[in-house]
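Residue 1 is where the sequence shown starts when you use full-length UniProt numbering, and the numbers rise one by one after that.
Read the structure below first, then the notes.
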Amino acid sequence: MRALYIVIIFVFCFSTGVLAQDNELLLAKQYSANGEPQKALEIYQKLYKQNNENYYSVYVNTLLNLKKFDEAESITKKLIRRHTDDHQYAIMLGNIYTQEGNMTKADAIYDDLIKSLPADQGEISALASQFYQSANIDYAIKIFQQGRKLLKNDNVFTYELINLYRFKRDKISLTEEYLNFLPQNPNFINQAENAFSSVYEGAPDYDMLKTALLKRIQKDPQQTIYADLLTWQYLQQKEFDLALNQALALSRRQNDDGNSIYDLCRTFIGNEAYDEAIRGYEYIISKGKTTPLYIPSKIELINTKNLKVTWGKYLPEDLLGLEKDYNDLLTEFGRNSSTAFAMQKLANLQAFKLHKLKDAQKLLEDATRISDIRPTLLADCKLDLGDIYLLNNQPWEATLLYSQVEKDFPATSIGQDAIFRNAKMAYYTGDFTWAKGQLDVLKVATSQLIANDALNLLLLIQDNLAADSSGAALKIYARADLQIFAQNPGKAVMILDSIGTKFPNNSLEDDIMMAKSRILIQQKDYAGAVPLLKKILEEHPADLWADDAVFMLGDIYENRLNDKATAKNYYQKIITDYPGSLWINEARKRFRLLRGDKTDAS
């Protein structure tokens with residue numbers, strides 16, 4: 001029983017002592033946080049003497065903060081003598097000398113640790129980790145490099161060194177480490193590309209990579225990983241022609257099916273490098289009809305030509321050549337569910353570029369009668385056919401098709417698109433009351449683009465009917481809007497100019513400027529659209545189109561006029577001046593990218 005009392009008393013005293021120490025430790029931390037390091041030091045010194053080494057770290061760091069280097073050196077040397085195999089105290093002594101400004105002594109200690117390093121992978125890693133934890137990256141790297149020599153293995157510690165080089169942003173060493181590592185580990189190429197993207201800061205860094213790759217390719221031409229990485233390097237520099245040449249050379253050497261070229265062409269299209277994509281698809285097609293990518297490449301070739309023609313300025317013969325390509329495709333593969341998408345694209349080309357409305361209408365009517373066509377593609381064809389009926393002055397046929405799609409795809413983006421087209425048809429034909437009812441529903445559409453367009457059109461109608469309840473001027477404006485949709489810019493401008501003559505005091509001034517801006521953008525005259533958009537912003541900063549004008553200016557300067565600084569200013573203006581704009585999220589994303597913010601994907 002007496003022994004039990006003794007144990008209880010001991011436990012009570014021990015617990016009380018531990019509790020007291022914890023309270024003192026909290027008090028010391030509070031002193032440090034309050035900027036009273038001397039008071040904190042007195043407590044740490046007391047705790048260190050009571051419990052010795054447990055409080056060494058906080059004690060010595062507080063001494064260093066107070067620049068009491070001699071005292072820090074003294075207690076650290078004692079622990080080095082006491083624990084000859086524990087290198088953390090030697091590293092701390094080197095840190096003390098470093099903070100004191102005596103780099104010679106610090107380096108001497110660190111160099112001694114390297115010299116006495118055993119040929120043991122575990123001990124090497126442990127020592128390097130201790131240097132890393134003390135924020136001494138350079139010596140952590142030296143430890144691993146010396147470890148490679150001792151172990152006579154240049155491939156050991158690769159992951160550790162890659163992480164250290166990346167942390168240090170040592171671009172040259174990181175590049176060399178990956179280039180040594182990748183030939184035996186090609187699956188890590190995406191990781192390497194992401195790492196390079198995160199540390200490279202411009203053309204000189206990518207040129208350094210290119211030089212290193214060309215040297216290795218010359219030394220080992222059979223190593224395809226270097227060729228793949230060189231292609232990626234050209235893409236980062238937007239040297240698309242060189243990227244394709246490099247990829248084609250590798251594909252020919254390997255005599256493959258062209259899969260890598262096919263994937264590369266998609267990258268080209270995303271960067272609007274249509275000529276390179278066309279050349280890539282033509283290469284795959286030249287390999288013959290028996291190759292698995294022949295038909296997909298044939299299809300994508302025409303799609304890319306379509307993008308090239310409709311994206312830039314073009315001549316009539318360009319359009320006719322593209323029309324012939326589509327017809328040749330339909331002749332070769334027939335008109336069926338596999339080629340219905342081509343029928344749809346050809347019909348859009350004929351309707352909106354060549355203005356062959358009858359040909360386009362017949363083609364889409366044929367497409368909608370294909371029995372096994374995909375439901376969503378059928379819906380798209382019906383919507384486009386409805387548009388062509390509208391342009392052919394057959395509004396009842398148009399609304400019938402729009403309503404069919406709305407019924408077949410309720411509460412979906414396709415169904416909402418059908419509602420919006422129905423509403424626009426009513427607007428074009430002057431039935432503003434019915435259009436408003438449909439648009440009011442679409443303000444909360446799941447598709448942000450449809451919601452934005454619906455809200456703008458609704459406000460356009462409401463604002464102008466409030467100024468003129470008869471809607472006479474608005475009806476003329478709607479007819480001009482229809483001509484813009486039909487891509488008849490000359491007719492649209494004539495109608496827009498007539499509004500001011502017929503209705504001198506109309507409320508459509510900013511709407512007319514926005515319409516003319518859209519026409520110029522449709523014609524790829526981006527420089528011509530800028531003054532009109534700026535005028536909207538200057539004269540109507542609080543009206544319907546103000547935030548749209550700001551965002552459009554940002555987009556034009558970023559993607560068409562290559563003036564990133566001005567684009568960034570316009571995106572920032574959306575954020576600061578129009579926080580309620582539907583463009584706010586996209587503007588914020590683009591602003592951050594132009595500012596240079598790094599994303600997780602990089």
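Virtual Cβ for every residue (Gly too), placed ideally from N, Cα, C.
These figures come from a predicted structure and were not determined experimentally.
- Here residue 503 carries a coil assignment [DSSP, helix/strand/coil].
- For residue 584, the three-state secondary structure derived from DSSP is helix.
- By the beta-carbon neighbour count (other beta carbons within 10 angstroms, threshold 16), residue 339 is buried.
- Under the three-state reduction of DSSP output, residue 370 falls in the coil class, being neither helix nor strand.
- The C-beta separation of residue 347 from residue 384 comes to about 6 Å, placing the pair in contact by the 8 Å criterion.
- With fewer than 16 other Cβ atoms from the protein chains shown falling within 10 Å of its own Cβ, residue 396 counts as exposed.
- Residue 374 sits exposed, since fewer than 16 C-beta atoms from the chains shown fall within 10 Å of its C-beta.
- Secondary structure in the region 183 to 242: no beta strand (DSSP E) run of 3 residues or longer lies completely within the stretch.
- Within its own chain, the residues whose Cβ lies closer than 6 Å to the Cβ of residue 545, once the five positions on either side in sequence are excluded, are 510, 514, 536, listed in chain order.
- Listed in chain order, the beta strand (DSSP E) elements of length 3 or more contained wholly in the region 123 to 164 amount to none.
- Excluding sequence positions up to five before and after residue 424, its CB lies less than 6 Å from no other CB in the same chain.
- Short of 8 Å from the beta carbon of residue 176, and not among the five residues preceding or following it, lie these beta carbons of its own chain, in chain order: 212.
- With distances taken between CA atoms, residue 95 lies nearest to 131 out of 303, 131, 459.
- In this structure, the alpha-carbon of residue 93 lies about 6 Å from that of residue 73.
- Within the same chain, and ignoring the five residues on either side of residue 508 in sequence, the residues whose Cβ sits closer than 8 Å to its Cβ are 464, 473, 474, 477, 499.
- Leaving aside the five residues that flank residue 127 on each side, the residues in its chain whose CB is nearer than 8 Å to its CB run, in chain order, 87, 113, 117, 143.
- Note on the region 238 to 307: whole alpha helix (DSSP H) runs with a minimum of 4 residues are 240 to 254, 259 to 270, 274 to 286, in chain order.
- Here residue 356 carries a coil assignment [DSSP, helix/strand/coil].
- Within the same chain, and ignoring the five residues on either side of residue 89 in sequence, the residues whose Cβ sits closer than 6 Å to its Cβ are 76, 79, 80.
- Runs of the alpha helix (DSSP H) lying entirely within the region 388 to 446, each at least 4 residues long, are 395 to 408, 413 to 428, 432 to 442 in chain order.
- Per DSSP, residue 105 is one residue of the alpha helix (DSSP H) stretching across 103 to 115.
- Contact between the region 265 to 274 and the region 234 to 248 is present, with at least three C-beta pairs closer than 8 Å.
- Taking 8 Å as the cut-off, the beta carbon of residue 261 is found no closer than this to the beta carbon of residue 243.
- Per the coordinates, the alpha-carbon of residue 153 lies some 42 Å from the alpha-carbon of residue 70.
- Shown here, residue 475 sits in a helix according to DSSP, grouped into three states.
- The criterion of a C-beta distance shorter than 8 Å is satisfied by residue 571 and residue 554.
- Taking each of 400, 335, 398 in turn and checking the Cα distance to residue 369, the smallest one comes out for 335.
- Boundaries cannot be given for residue 66, as no alpha helix (DSSP H) includes it and DSSP labels it neither H nor E.
- Residue environment analysis places residue 82 among the exposed positions, since fewer than 16 neighbouring C-beta atoms fall within 10 angstroms of its C-beta.
- Residue 461 is not a Cβ neighbour of residue 438, given a cutoff of 8 Å.
- With fewer than 16 neighbouring CB atoms inside 10 Å of its own CB, residue 331 falls in the exposed class.
- Between the alpha carbons of residue 138 and residue 281 lies a gap of roughly 49 Å.
- By the neighbour-count definition (other C-beta atoms within 10 Å, threshold 16), residue 298 is a buried residue.
- The Cβ-Cβ distance between residue 256 and residue 292 does not fall below 8 Å.
- Counting other Cβ atoms within 10 Å of its Cβ, residue 203 stays below 16 and is therefore classed as exposed.
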